[in-house]
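Below you'll find the structure, written out as structure tokens, and then a few comments.
Residue numbers (this note's numbering): 8 to 91.
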């Protein structure tokens, strides 16, 4: 069983990484966060983009992070019916 060591190492690494998935999935939205879903924005070339806007529910200036994806607004992770 000379090949047992690499296999054992691979299994150990896989098991070590598996529980580190994003723990925020399925949790409620944090307090103090204002969420606007389905906000439509028309671009100069006439295309309408739809986005969800997450911002602090407080006055003042805050840094901005813009993330665009070619998938749906939830990052392509939303369950969908199978398409054939």
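For glycine and all other residues, C-beta sits at the position ideal for the given N, C-alpha and C. This structure is a prediction, so every number in the text was calculated from the model and none was measured.
Give me the Cα-Cα distance between residue i and residue j, rounded to the nearest whole angstrom.
{"i": "residue 12", "j": "residue 45", "result": "51 Å"}
{"i": "residue 52", "j": "residue 62", "result": "27 Å"}
{"i": "residue 66", "j": "residue 60", "result": "16 Å"}
{"i": "residue 54", "j": "residue 22", "result": "45 Å"}
{"i": "residue 57", "j": "residue 41", "result": "17 Å"}
{"i": "residue 78", "j": "residue 43", "result": "18 Å"}
Run through the DSSP bridge pairs and tell me what residue i is partnered with.
{"i": "residue 46", "result": "58"}
{"i": "residue 20", "result": "Note: residue 20 sits in no beta bridge, so no partner."}
{"i": "residue 73", "result": "Bridge partners of residue 73: none, in fact."}
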